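For the sequence shown, the numbering used here begins at 1 and goes up steadily by one.
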Amino acid sequence: MKRILITGGAGFIGSHLCKRLLNEGNYVICLDNFFTGRKRNIENLLPNPNFELVEHDIIEPIDIRVDEIYNLACPASPPHYQYDPIKTMKTSVIGIINMLELAEKYNAKILQASTSEVYGDPKVHPQTETYWGNVNPIGIRSCYDEGKRCAETLISDYRRQKNLNTKIIRIFNTYGPNMTPDDGRVVSNFILQALKGEDITVYGDGSQTRSFCYVDDLIDGIVKMMDSNLSEPVNLGNPTERTILDFAKLIIEFTGTKSKIIYKPLPSDDPTKRRPDITLAQTKLNWTPKVDINEGLKKTVAYFKELIN
Ligand code: NAD
Ligand code: UDP
């Protein structure tokens, strides 16, 4: 039985990963400081004798014997990571150093949840892993973008200098049940606004694009990556790209709401376009997202409906 540490395990993606790895017969240690994570996400796992919850902040060192580490701890929505930008940067940088030291001590494999944000406002479209990005180092998103970029650097240096078995995935916008309702991300905002009959808030003119991946697909990719022999970064996301305005219209149609679209100012440094090139994941991991947007939205809307009722 493998002992697997999942940092950020009580968050949106982490909670799905905990469930999946427990179901596969592993001993799962979920570590979280509950900044954006919620007990609700992992409550049904607590009675499982192979599940352990550790309340801890990864900016402090920790000593737990483990075989694998999935490092997901980090607030992921812009309002949450901008709430305390210094802490966000510490979580990415000091946090990954602590996890790399732990991996070295127990000769464990370590996977880092990096992000499409390392490409910034990309000049290459769709984004391939070989693109180095176009990132503002001093803007309001930099605590997250540069923190994640620095974590990628540290991981690469620990791999080269200390021979660690490391993995980096660059996650593109992901959605599904267990998203935090107040995290301010576009999927949770639009669905909740639609369900409550409130105005749908499109930032800017809505011409910016994103590509949304359903969480089950992402989890498959994460697990395949950990089991692979790849050490270079791999994009994981759904390449179906749409404008935010089209996404707002889709949510209106999907929920049958009477909500109207209103326009609000575009936050600074908001990337104008984003779409993963997933050739590497397709060819090297034999991974491709399978869940279409209607199927994914059905489950996500049902989750949010239950939350507000
Ligand atoms: P989330 O906010 O739901 O989960 C993050 C978890 O990390 C939370 O449970 C939070 O409490 C915990 N955490 C934060 N700081 C911590 C610290 N210092 N010590 C311990 N725990 C801490 O976000 P998510 O969407 O589940 O994202 C998980 C990971 O995936 C993050 O690293 C994020 O950067 C990355 N990612 C997510 C997306 C996405 O679309 N959801 C896209 C790209 C990358
Ligand atoms: N957005 C929006 N309305 C909202 C929330 C977000 O128009 O209520 C836009 C946001 O400006 C961005 C896109 O939707 O262009 C995706 O935002 P999100 O915060 O979900 O993730 P990002 O990809 O920006 O990290």
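Where is the CB? At the ideal position from N, CA and C, for every residue including glycine.
Remember, it's a predicted structure, so these values are computed and weren't measured experimentally.
In the DSSP annotation of this structure, the continuous segment of the beta strand (DSSP E) that includes R242 starts and ends at 241-243. For the set T130, Y83, I138, D157, the Cα lying nearest the Cα of N235 is the one of T130. Residue pairing from DSSP leaves N173 without any beta-bridge partner. The Cβ atoms of L5 and V93 lie no closer than 8 Å to each other. DSSP places Q282 within a helical segment (H, G or I) once states are collapsed to three. If one requires a minimum length of 3 residues, the beta strand (DSSP E) runs lying completely within the region 208-256 are 209-211, 234-236, 241-243, in chain order. In this structure, T201 has its beta carbon less than 7 Å from a heavy atom of the ligand UDP. Distance from the CA atom of L22 to the CA atom of S15, rounded to whole angstroms, is 11 Å.
Judged by pairs of C-beta atoms under 8 Å, the region 80-91 does not touch the region 115-131, as fewer than three such pairs exist.
D63 carries a coil assignment under DSSP once its states are collapsed to helix, strand and coil. Boundaries of the beta strand (DSSP E) harbouring A113: 109-115, taken from the DSSP string.
A heavy atom of the ligand UDP is found nearer than 7 Å to the CB of V186.
Assignment of I261 by DSSP, reduced to helix, strand and coil, places it in the strand class. Straight-line measurement puts the Cα of Q127 at about 25 Å from the Cα of N294.
Secondary structure at K167: strand, using DSSP grouped into helix, strand and coil.
Secondary structure at T36: coil, using DSSP grouped into helix, strand and coil. Assignment of V186 by DSSP, reduced to helix, strand and coil, places it in the helix class. Following the DSSP letters along the chain, one finds L5 inside the beta strand (DSSP E) bounded by residues 3-7. Residues E117, V118, G120, V135 of the same chain have their beta carbon placed closer than 7 Å to that of D145, with the five preceding and five following residues left out of the count.
Exposure of G197 is indicated by the presence of fewer than 16 other C-beta atoms within 10 angstroms of its C-beta. In this chain, the beta strand (DSSP E) harbouring Y70 covers 68-71. A heavy atom of the ligand UDP is found nearer than 7 Å to the CB of N173. Going by DSSP, Y81 is part of the alpha helix (DSSP H) stretching over 78-83. In the DSSP assignment, T201 forms a beta bridge with I262. Segment contact: the region 224-234 against the region 155-169, three or more CB-CB distances shorter than 8 Å; contact assigned.
CA-to-CA, the gap between S156 and K148 works out to about 12 Å. Three or more Cβ pairs closer than 8 Å define a contact, and the region 257-264 meets that threshold against the region 187-196. Rounded to whole angstroms, the Cβ separation of D32 and E55 is 7 Å, and the two are in contact under 8 Å. Distances from the CA of V301 to each of M89, I251, V291 were compared; the closest alpha carbon is that of I251. When only Cα atoms are considered, C213 and P239 end up about 8 Å apart. Collapsing the DSSP output to three states places G296 in a helix.
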